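Structure first, commentary second.
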Amino acid sequence: MNIKTILAVAISSSMAFSSVGFTEDTVSDASQYPDSSYSDNLSGWKAMITNANPVETLESGRWFDAAPVPRPFKEGKNVPFSDEIKAQLQANTTDAVLVVKDGAITGEYFRYGFDIDDIHLVHSAGKAFTSFAIQPIYDDIGDEGLNRKLSEYLPKLKGKYFGEATLAQALDMQVGMEWSENYEDPTTATMLSGPVGGWDPLVEEYGPESWYERMFDFPKYDDHGKTWIYSSASVISASFAAEAIAGKHYSDLVQASYNRLGFEDASWYVTNQFNELSAEGGQALTIRDAAKIGRYMLETKDSTYVSDVWNMNGDINNPADALHMKKYPFSKGYKNYWYKLSDDVILALGSSGQFIYVDKAKNLVIVKFSSFVKGQSPEEFTDGFEVLHNIAEQY
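Encoded structure:
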């Protein structure tokens, strides 16, 4: 069974963020011209507006600078998309695609009104940028530091079940605290975290909140290291731990990571009033800068972080790996917020159709920005994977 078939089967039954079920009313509303409400702002027309205009539509955030020494891609020989692929991209509500082969841009697609230097929310694909910001620390502290409890780095987590998890477990989504990603239930953890993180308007009852106030206090679901739970809290805690280890604000680590990648453009980041960055997916980047993390993963040979991602292989005898692979049959493993699709392909994946696809054998990076009609739609993700496969097959 080829990757395209595996993905189509697996994605249609399970998604990395989907305990979500969409009703026909939700689909209808999301596909209509936007109303005046704030609701459902990550689906349909509203998603297109939010993704491309986060500064204007989200509650709070901050800018990051382009790198002092930008590192643009070379211009390669253009490999034009067929009419069939263009039709697939349009049908899959694609905002932009960039193809980089052997370090040079060889293909691109932009919907009307969007261009190569426009920022776009990357949602959970940004988790890979979060772990990458930690990369120098990851390489420096080794297994000993990665396997220390979060509470050893973060005193505010002492006495909490969450704090008993290790940094490595947080980076691999193996923290055993309960967390739900159901976007339709306003009482779930992910929805409660919106105002806390800076995405949504503040809730009058609580006012401005740090992540520490409620987001690490959900009940135990299972033992740390023996389960796989897709959790924003795990990502936020990893960024907080990195900040504590480095002795500098996490924003400094983010800027340094963008400098290492050679960002050409300024970027934006969802941030709350406590200057806590929404590291779970609050980055808004240009597509040419989003592709640069793929280039780094292909070029870099002397980083434990990079080799750990490429060398990951899920162990069916490990309960956490077994659960992950049961939920996501397309994935051979999950490390540092990257999915492994095959020995040569890794992927970062985000809500509403954000993809960063990296193929080592082909020296190929494909980035796709989208604004799905239904932000968590398995069917739309399946179609997105299919068009990625079709583009990759051209090389």
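For the sequence shown, the residue numbers in full-length UniProt numbering are 1 to 395.
Here a beta-carbon is modelled for each residue, glycine too, at the ideal position from N, C-alpha and C.
These numbers were taken from a predicted model, which means no experiment stands behind them.
- Counting only runs that start and end inside the stretch 130-179, the alpha helix (DSSP H) elements of at least 4 residues fall at 135-146, 150-153 and 167-171.
- A residue is called buried once 16 or more other Cβ atoms fall within 10 Å of its Cβ, and residue 293 is buried on that count.
- For residue 284, the enclosing beta strand (DSSP E) has its first and last residue at 283-286.
- Counting only residues of its own chain and dropping the five nearest sequence neighbours on each side, residue 335 has a CB closer than 7 Å to the CB of 172, 308, 309 and 312.
- With 16 or more other Cβ atoms from the protein chains shown falling within 10 Å of its own Cβ, residue 340 counts as buried.
- With a threshold of 16 other beta carbon atoms within 10 Å, residue 316 falls short and is exposed.
- Here residue 321 has 314 and 315 as same chain residues with Cβ atoms under 6 Å from its own Cβ, once five neighbours each way along the sequence are excluded.
- At least 8 Å separates the beta-carbon of residue 371 from that of residue 124.
- In the DSSP annotation of this structure, the continuous segment of the alpha helix (DSSP H) that includes residue 308 starts and ends at 304-311.
- Ranking 119, 238 and 127 by CA distance to the CA of residue 163 puts 238 first.
- The alpha carbon of residue 337 has as its nearest neighbour, out of 114, 347, 146 and 330, the alpha carbon of 347.
- Exclusion of the five residues before and after residue 74 leaves 103, 104 and 105 as the residues of its chain whose Cβ lies within less than 8 Å of its Cβ.
- Apart from sequence neighbours up to five positions away, the residues of its chain that approach residue 387 with a beta-carbon distance below 7 Å are 85, 88, 89 and 92, ordered along the chain.
- Residue 142 sits exposed, since fewer than 16 C-beta atoms from the chains shown fall within 10 Å of its C-beta.
- Within 10 angstroms of the beta-carbon of residue 376 lie 16 or more other beta-carbons, which makes it buried.
- The way I'd put it, the stretch 109-128 does touch the stretch 262-275; three or more beta-carbon pairs between them come closer than 8 Å.
- Remark: C-beta atoms of residue 197 and residue 306 do not approach each other more closely than 8 Å.
- Residue 211 and residue 233 have their C-alpha atoms some 8 Å from each other.
- For residue 62, DSSP records a beta bridge to 269.
- Unbroken alpha helix (DSSP H) runs of no fewer than 4 residues, entirely contained in the stretch 47-101, are found at 54-57 and 83-91, following chain order.
- Taken in chain order, the complete alpha helix (DSSP H) segments of 4 or more residues contained in the stretch 180-234 are 189-197 and 211-214.
- With a cutoff of 8 Å on beta-carbon distance, residue 177 and residue 183 are scored as not near each other.
- An exposed status is given to residue 112, since fewer than 16 other beta-carbon atoms sit within 10 Å of its beta-carbon.
- A straight-line Cα-Cα distance of about 12 Å links residue 290 and residue 66.
- For residue 274, the number of other beta carbons within 10 angstroms of its own is below 16, and it is reported as exposed.
- For residue 333, the enclosing beta strand (DSSP E) stretches over residues 333-335.
- Looking at the backbone, the Cα of residue 64 and that of residue 127 are separated by about 17 Å.
- Residue 364 is positioned such that its CB atom lies closer than 8 Å to that of residue 101.
- Straight through space, the alpha carbons of residue 248 and residue 217 are spaced by roughly 26 Å.
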